[in-house]
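J.:
2 protein chains.
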Amino acid sequence: MNAHTHLVARYFDAWNETDAVRRRALIAETYAEDARYVDPMLESQGHARIDAMIAAVHERFPAHVFRLSTDIDGFGAYLRFSWDLVGPDGGVAAKGSDFAVVDATGRFASVTGFLDAVAQPA
Amino acid sequence: MNAHTHLVARYFDAWNETDAVRRRALIAETYAEDARYVDPMLESQGHARIDAMIAAVHERFPAHVFRLSTDIDGFGAYLRFSWDLVGPDGGVAAKGSDFAVVDATGRFASVTGFLDAVAQPA
Chain A
87 MNAHTHLVAR YFDAWNETDA VRRRALIAET YAEDARYVDP MLESQGHARI DAMIAAVHER
147 FPAHVFRLST DIDGFGAYLR FSWDLVGPDG GVAAKGSDFA VVDATGRFAS VTGFLDAVAQ
207 PA
Chain B
87 MNAHTHLVAR YFDAWNETDA VRRRALIAET YAEDARYVDP MLESQGHARI DAMIAAVHER
147 FPAHVFRLST DIDGFGAYLR FSWDLVGPDG GVAAKGSDFA VVDATGRFAS VTGFLDAVAQ
207 PA
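Heads up: the protein sequence lines correspond to chains A and B, in order.
My numbering puts the first residue of the first sequence at 87, with every later residue one more than the last.
My numbering puts the first residue of the second sequence at 87, with every later residue one more than the last.
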């Protein structure tokens, strides 16, 4: 088991948590204070802005969940893993891959996401 | 065509160049002065050390070449692309994927490599 399995599991828990209080706790557990998240459509830095970003994704994709779709590959402080964004009907709305850097406290210093596939609107 | 196609082509030219003078010129063209390269087996920072690292790979894998094996995907300053390390017999010795950050001068500030597959010794 990769040393960062727990971190990545909690990272997806944060993305999927709809309770604001629990989500803030998960974000604090998984991201450094000044952590930066960036992907082709989103960008944020720091716990409060990451929280607002995730809340906005929940508004855009209600009842969807992010699920790890690959093993976690990594070495040293560098990780990569992929995910599916799954809708309430079980359909995959999007697939992506994240590249992440872990800091000395064991939290993400940065996460850079790439899109692997996006479902076409029906 | 991705805006960084030329940069990535020159990056592979640098990896494949066996002439020391031409390789140093390609490294200066593609990497920032203090650029950092890291993968599961190699790590170097700055033009001179990147050059020594590539020379060491040539000693380890004589007559092999790195070839881009995917499109270049990216947004903003962030790129990802994959490669094959091809031996003189045409066999693929290793496959990998690089995640790179481009600086304001259009050169790599950092490249982080992951291994996708490694051929078993015969």
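Idealized CB from N, CA, C, for every residue including glycine.
Using the DSSP secondary-structure output, state which residues sit across from B:Tyr117 in a beta bridge.
T.: As a working mapping, residue 117 of chain B is identified with position 31 in the second sequence. Partner(s): B:Phe194.
J.: Would you mind sorting A:Ala190 into buried or exposed? The rule is 16 or more other CB atoms within 10 Å of its CB.
T.: Start at 1 with the first residue of the first sequence, and residue 190 of chain A comes out as number 104. The residue is exposed, with fewer than 16 neighbouring Cβ atoms inside 10 Å.
J.: A:Asp170: buried (16+ other C-beta within 10 angstroms of its C-beta) or exposed?
T.: Counting from 1 along the first sequence, the entry for residue 170 of chain A is found at position 84. A:Asp170 should be labelled buried.
J.: So B:Phe185 contacts chain A; which residues on that side make the cut at Cβ distance below 9 Å?
T.: Taking the second sequence and counting its residues from 1, one reaches residue 185 of chain B at position 99. Residues of chain A passing the Cβ test: Tyr164, Arg166, Phe185, Thr198, Phe200.
J.: Just the Cα atoms here: how many angstroms apart are A:Arg141 and B:Val178?
T.: Within the first sequence, the letter at position 55 stands for residue 141 of chain A. Within the second sequence, the letter at position 92 stands for residue 178 of chain B. It should be pointed out that residue 141 of chain A corresponds to Ala in this sequence rather than to Arg. Spanning the two alpha carbons is a distance of roughly 45 Å.
J.: Since B:His92 and B:Arg110 are thought to touch, with beta carbons under 8 Å apart, how far apart are those beta carbons, to the nearest angstrom?
T.: Numbered from its first residue, the second sequence carries residue 92 of chain B at position 6. Numbered from its first residue, the second sequence carries residue 110 of chain B at position 24. The Cβ separation is near 19 Å, so there is no contact.
J.: Is A:Glu129 helix, strand or coil by DSSP?
T.: For this step, residue 129 of chain A is matched to residue 43 along the first sequence. Strand.
J.: For A:Ala197, which of B:Asp120, B:Val204, B:Val187 has the nearest alpha-carbon?
T.: Position 111 of the first sequence holds residue 197 of chain A. Correcting the residue identity first, residue 197 of chain A is Val in this sequence and not Ala. Taking only the C-alpha atoms, the option nearest A:Val197 is B:Val187.
J.: Which residues of chain B have a Cβ atom closer than 7 Å to the Cβ of A:Pro126, listed in chain order?
T.: Residue 126 of chain A sits at position 40 when you count from the first residue of the first sequence. What A:Pro126 touches in chain B: Phe161.
J.: Assuming B:Asp125 contacts B:Gly199 (C-beta within less than 8 Å), just tell me the rounded distance between them.
T.: As a first step, residue 125 of chain B must be located in the second sequence, where it is residue number 39. As a first step, residue 199 of chain B must be located in the second sequence, where it is residue number 113. With a contact defined as Cβ atoms closer than 8 Å, B:Asp125 and B:Gly199 qualify at about 3 Å.
J.: Tell me, which residues are paired with A:Phe185 by DSSP?
T.: By 1-based counting over the first sequence, the position of residue 185 of chain A is 99. Its beta-bridge partners are A:Arg166, A:Thr198.
J.: Near B:Ala180, what residues of its chain come up, given a Cβ to Cβ distance below 7 Å and the 5 sequence neighbours on each side ignored?
T.: As a first step, residue 180 of chain B is located in the second sequence; it is residue number 94 there, counting from the start. The beta carbon of B:Ala180 lies closer than 7 Å to those of Leu171, Leu201, Ala203, Val204, Ala205 in the same chain, with the five residues before and after it left out.
J.: Within 10 Å of its beta-carbon, does B:Val107 have 16 or more other beta-carbons around it, so buried, or fewer, so exposed?
T.: Within the second sequence, the letter at position 21 stands for residue 107 of chain B. When all chains shown are included, B:Val107 counts as exposed.
J.: Starting from the Cα of B:Arg135, find the closest Cα among B:Pro148, B:Glu119, B:Phe147 and give me that residue.
T.: Here residue 135 of chain B is taken as the residue at index 49 of the second sequence, counted from 1. If we check each option's Cα against that of B:Arg135, B:Glu119 comes out closest.
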